[in-house]
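Visitor: Numbering (the numbering used here), first residue to last: 1077 to 1281.
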Amino acid sequence: MNNQYIKPAIATLLLAIVFPIYWSSAFYSASFNNDIFAFIKADMMTLGFSDLMFVIMGALEVYVYLSLSKALKVQLNSRFASILLIVMAIASALFHGTVIFDVALAMTSGALPNSSTDSIVAVGLFFGIAALVLLAFSTFICSIVILINHQQISSMLKVFSVLLLVVSILQVTVIFSVFNLLLFPFTLAMLAVYFVKEPDTLEIV
1077 MNNQYIKPAI
1087 ATLLLAIVFP
1097 IYWSSAFYSA
1107 SFNNDIFAFI
1117 KADMMTLGFS
1127 DLMFVIMGAL
1137 EVYVYLSLSK
1147 ALKVQLNSRF
1157 ASILLIVMAI
1167 ASALFHGTVI
1177 FDVALAMTSG
1187 ALPNSSTDSI
1197 VAVGLFFGIA
1207 ALVLLAFSTF
1217 ICSIVILINH
1227 QQISSMLKVF
1237 SVLLLVVSIL
1247 QVTVIFSVFN
1257 LLLFPFTLAM
1267 LAVYFVKEPD
1277 TLEIV
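1. Would Leu1081 pass as a contact of Phe1271 if the rule is Cβ separation under 7 Å?
2. Checking 7 Å against the spacing of the C-beta atoms, do Ala1165 and Ala1207 come in under that value?
3. Quick one: is Gly1134 buried, meaning 16 or more other Cβ sit within 10 Å of its Cβ, or exposed?
4. My assumption, with CB atoms under 8 Å, is that Leu1090 sits in contact with Glu1137. Please give the rounded CB distance.
5. Output needed for Ile1196: all residues of its chain with C-beta closer than 7 Å, excluding positions within five of it in sequence on either side, in chain order.
6. According to DSSP, is Ala1187 helix, strand or coil?
7. Taking all protein chains shown into account, decide if Met1183 is buried (16 or more other Cβ within 10 angstroms of its Cβ) or exposed.
8. Helix, strand or coil: which one does DSSP assign to Val1250?
9. DSSP on Val1281, reduced to helix/strand/coil?
10. Using beta-carbon positions only, say whether Lys1219 and Leu1240 come within less than 7 Å of one another.
11. So the candidates are Pro1189, Leu1148, Tyr1104, Tyr1098; which of them puts its Cα closest to the Cα of Leu1233?
12. Excluding the 5 residues preceding and the 5 following Val1281 in the sequence, name in chain order all residues of the same chain whose CB lies nearer than 6 Å to its CB.
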């Protein structure tokens, strides 16, 4: 094992731990609320440990995607997969960057009329959903591009790409995206092993 690749591997494993914890808690809390908009509004108007986890999760995602982008730039003849991973990193940053709406609402809590608060929440939701759609779409295409270049990649990366493809499809369905609470961490664990086991062809960010 080359210590040079410890950071991407550790970041990937941390993301595999934080992701299911955060989203399991979010889904569990939302399940007790019939009015989802009101639930999201109440959540956005307060800052807590969950917001910190959200930001940390975003930072880890961006770092992991950029690290893999750098690796594939070296390993594949095509640069398209690397570019798509950068797009994924940008989409993730935009999605997790919506925490700025939480900060704005928390700082102005009670100072704005209800209609203005609702508008800010709606704008935040719009940007969040748009970023998630971009992330799912770019992930789907990236997985296919990597698999198309299957002769240039290892079996481990092939399995990772197939799993990532399934993750992106489940994400788009929305209803079945809950299965990603288990599948995405497993996919990340596979990526962490890839970072550690195949260092000879990797360069990290």
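Even for Gly, the Cβ is constructed at its ideal location relative to N, Cα and C.
Guide: Working from what's here:
1. Walking along the sequence shown from the start, residue 1081 turns up at place 5. Walking along the sequence shown from the start, residue 1271 turns up at place 195. The identity of residue 1081 in the sequence shown is Tyr, whereas the question assumes Leu. Cβ distance < 7 Å, so Tyr1081 and Phe1271 count as in contact.
2. Locating residue 1165 in the sequence shown gives position 89, counting from the first residue. Locating residue 1207 in the sequence shown gives position 131, counting from the first residue. Going by C-beta atoms, Ala1165 is not nearer than 7 Å to Ala1207.
3. Position 58 of the sequence shown holds residue 1134. Its Cβ being crowded by 16 or more others within 10 Å, Gly1134 is buried.
4. For the purposes of this step, residue 1090 is taken as residue 14 along the sequence shown, with counting starting at 1. For the purposes of this step, residue 1137 is taken as residue 61 along the sequence shown, with counting starting at 1. Contact doesn't hold; Cβ gap of about 11 Å is too wide.
5. Residue mapping note: residue 1196 aligns to position 120 of the sequence shown, counting from 1. Contacts found: Phe1177, Ala1180, Leu1181.
6. What you label residue 1187 is simply residue 111 of the sequence shown in a count that begins at 1. Correct three-state label for Ala1187: coil.
7. The count along the sequence shown starts at 1 and reaches residue 1183 at position 107. By the 10 Å Cβ count, Met1183 comes out exposed.
8. In the sequence shown, the residue the question calls residue 1250 occupies position 174. Three-state result, Val1250: coil.
9. Looking up residue 1281 in the sequence shown gives position 205. Caution is warranted here: a pLDDT of 45 is assigned to Val1281, below 50, making its placement in the model unreliable, and the coordinate value is therefore given only provisionally. Val1281: coil per DSSP, three-state reduction.
10. The count along the sequence shown starts at 1 and reaches residue 1219 at position 143. The count along the sequence shown starts at 1 and reaches residue 1240 at position 164. The identity of residue 1219 in the sequence shown is Ser, whereas the question assumes Lys. Contact: yes.
11. Residue 1233 sits at position 157 when you count from the first residue of the sequence shown. The candidate whose alpha carbon is nearest that of Leu1233 is Leu1148.
12. Against the sequence shown, residue 1281 aligns to sequence position 205. Confidence at Val1281 is low in this model, with a pLDDT of 45, below 50, so the placement of that residue is unreliable and no value is reported for it.
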